[in-house]
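There are 2 protein chains.
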Amino acid sequence: MANVTEISDTRTRILDAAERLFVEHGLEATTLRMITAEAQANIAAVNYHFGSKEALIEELFRRRLTWLNEQRLAALDRLEAEAGDAPVKPRLIVEAFFGVAIRMAADTEGGGRNFMRLLSRTYTEPAEFVKNFLAEEYALVLARFKKAFFKALPDVPQEEFLWRFHFMLGAMSYAVSGADAINVVGEGKLEFDNAGDPDALYARLMSFLIGGLRAPLPELPAKQSKKPHRKAA
Amino acid sequence: MANVTEISDTRTRILDAAERLFVEHGLEATTLRMITAEAQANIAAVNYHFGSKEALIEELFRRRLTWLNEQRLAALDRLEAEAGDAPVKPRLIVEAFFGVAIRMAADTEGGGRNFMRLLSRTYTEPAEFVKNFLAEEYALVLARFKKAFFKALPDVPQEEFLWRFHFMLGAMSYAVSGADAINVVGEGKLEFDNAGDPDALYARLMSFLIGGLRAPLPELPAKQSKKPHRKAA
DNA sequence: GTATCATTCAAACGATCGTTTGAAACCCTT
DNA sequence: AAGGGTTTCAAACGATCGTTTGAATGATAC
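And the structure:
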């Protein structure tokens, strides 16, 4: 162990370079040679420091995601402490969960923005080991927030809420992906760079999310009694 | 040309197989050998019928996306014809744009479901040629719908609306991705298979989208007068 | 100075990728 | 039955992937 206080700078350079490149090209299309070239390291350094490309990806997500979810839980802790036995207002829970993420996505220098764009996209990533890893990493924080939401929204059926939460995640994902995709919508006519004004993006997204969360409950089509089995049409 | 009425079944089998596999593994991770194996065709058939993997992907998107967008435009045409000079109600425009997509996503037999899941994910796809292709394919339909929305929502600033439209696309994307990602949220506790009840999903998503679209406008942070250049903090 | 460890490096590994080839098989018209 | 055009096939192409190797280099402790 050469230097304990500044653990192998190569490791960090590789992680940072990988983060940038994964956002730009995707997990599969980014090669270890691209990464090590950008990190100014040798190709063998990846397997030396991480063991494999897969392990590198996991470590890359872990170092940011752990922090992100800790922040989320801490924010929820504060809210629940303030509220005492009363339920926390839904809007505040939404802000605790998504606000931390949007704030992280606003960090252009520290790489938080890159990571959030990567994370958003990865939520629907097909690769099996990524899905499993994310599910595990999210389990605790999701359980806590779901519980808080259920308590805060007693009039909303739980299944309905879970869907709305899912939709909210989608909206946030696209909000963070930002200019990548929205230029398709905006046709370049308007200035669509959320890095230019993260506070505005935050305000916009929150309005939208709260609006969707608090929307009138849908009239669901004729409830098929419990187990329809839906044989023939 | 062997048979004009039933153009080379191999072509179609390859497209269908590719669609299934692309959803499951992603564009990059799906190899031509996997595709031709599933399609019961020879590996060379892809390059014979399409020219390249890239061309196969474009053709795969084109055959469904063209139809989808035609349906969207037709639906909008009907709405505008009914409304005459008056603006069409926002909720109806939303239903025209997203309803067609959700309905397509409900088609489990014809492959529409697979395609919509693929399309949703691909909207944030990093691959350059995919982005360009999608932007081109979407240009017309987006222009029409944006115009209709602007007319229907004169009180909403256009930039605000474009963001909300962007958020709506994200919500729909996740709605269609369905069980893939939502099991992370649902933890398998609830039954989360939108294929089981597409009508319910449609109703849920519409409520959410309309709620978000019609949400109170956000209070944007201190408007930096036009061109802030934002040098130092 | 020397032994010991951690790290870096150039080079090569086998595997697999998309693509190409040239011949065989097939189909339809004459 | 013969011919020409279309489609399929097994096999191979060069390129590039993630990974491994073994020696060179660096830093630390004795």
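Going line by line, the protein sequences match chains A and B. Each residue of the first sequence is one higher than the one before, starting from 2 at the first, in our numbering. Each residue of the second sequence is one higher than the one before, starting from 2 at the first, in our numbering. Glycine included, every Cβ here is placed at the ideal spot set by N, Cα and C.
So that I know if they touch, is there some Cβ in chain B lying closer than 8 Å to that of isoleucine 44/A? no
Give the residues from the segment 156-172 of chain A that approach chain B closer than 8 Å (Cβ to any Cβ), ordered along the chain. Gln159, Glu160, Glu161, Leu163, Trp164, Arg165, Phe166, His167, Phe168, Met169, Leu170, Gly171, Ala172
I want to know whether the segment 103-112 of chain B touches the segment 169-179 of chain B - three or more CB-CB distances under 8 Å. yes
Inter-residue spacing [alpha-carbon to alpha-carbon] between glutamate 60/B and leucine 120/A: 29 Å
Identify, in the order they occur along the chain, each residue of the same chain with its Cβ nearer than 8 Å to the Cβ of glycine 212/A, setting aside the five sequence neighbours on each side. none
Give the straight-line distance between the Cα atoms of alanine 1/A and glutamate 29/B, rounded to the nearest whole angstrom. Examination of residue 1/A is not possible in this model, given that chain A is present from 2 through 234 alone.
Selection from Arg12/A, Val24/A, His26/A, Asp78/A that minimises the alpha carbon distance to alanine 40/A: Arg12/A
Express the C-alpha separation of tyrosine 203/A and methionine 169/A in angstroms, rounding to a whole number. 13 Å
Is there a Cβ of chain A sitting closer than 8 Å to that of methionine 207/B, yes or no? yes
For the alpha helix (DSSP H) containing aspartate 17/A, list its first residue and its last residue. 10-26
Does the Cβ of serine 53/B have 16 or more other Cβ atoms within 10 Å, making it buried, or fewer, making it exposed? exposed
7 Å Cβ shell around alanine 97/B - same chain, five flanking residues per side excluded: Arg73, Ala76, Leu77, Leu80
Does any residue of chain B bring its CB to less than 8 Å from the CB of arginine 92/A? no
Which residues bound the alpha helix (DSSP H) around proline 91/A? 91-95
Thinking C-beta only, is glutamate 126/A closer than 8 Å to arginine 241/B? Residue 241/B cannot be examined here, being either before or after the span of chain B that is shown, 2 to 234.
May I ask you to list, following chain order, the residues of the segment 45-77 of chain B that have a beta carbon less than 8 Å from some beta carbon of chain A? none
Contacts around lysine 90/B, its chain only, beta-carbon distance under 7 Å, and the 5 residues preceding and following it disregarded: Ala153
At a cut of 8 Å, does the segment 14-23 of chain A reach the segment 35-49 of chain A through at least three beta carbon pairs? yes
Can you give the Cα-Cα distance for leucine 214/B and tryptophan 164/B, rounded to whole angstroms? 10 Å
Name the two residues that bound the continuous alpha helix (DSSP H) containing aspartate 156/B. Here aspartate 156/B belongs to no alpha helix (DSSP H), and DSSP marks it neither H nor E.
Would you mind reading off the limits of the alpha helix (DSSP H) that contains threonine 109/B? Neither: threonine 109/B is in no alpha helix (DSSP H) and is coded neither H nor E.
Which residues of chain B have a Cβ atom closer than 8 Å to the Cβ of isoleucine 36/A, listed in chain order? None at all; the shortest Cβ gap to chain B is about 15 Å.
Given this structure, state the Cα-to-Cα distance separating valine 95/B from proline 155/A, to the nearest angstrom. 29 Å
Taking all protein chains shown into account, do 16 or more other C-beta atoms lie within 10 angstroms of the C-beta of tyrosine 124/A, making it buried, or fewer, making it exposed? buried
Starting from the C-beta of asparagine 43/A, find all residues in its chain whose C-beta is less than 8 Å away, skip the five residues before and the five after it, and write them out in chain order. Thr37
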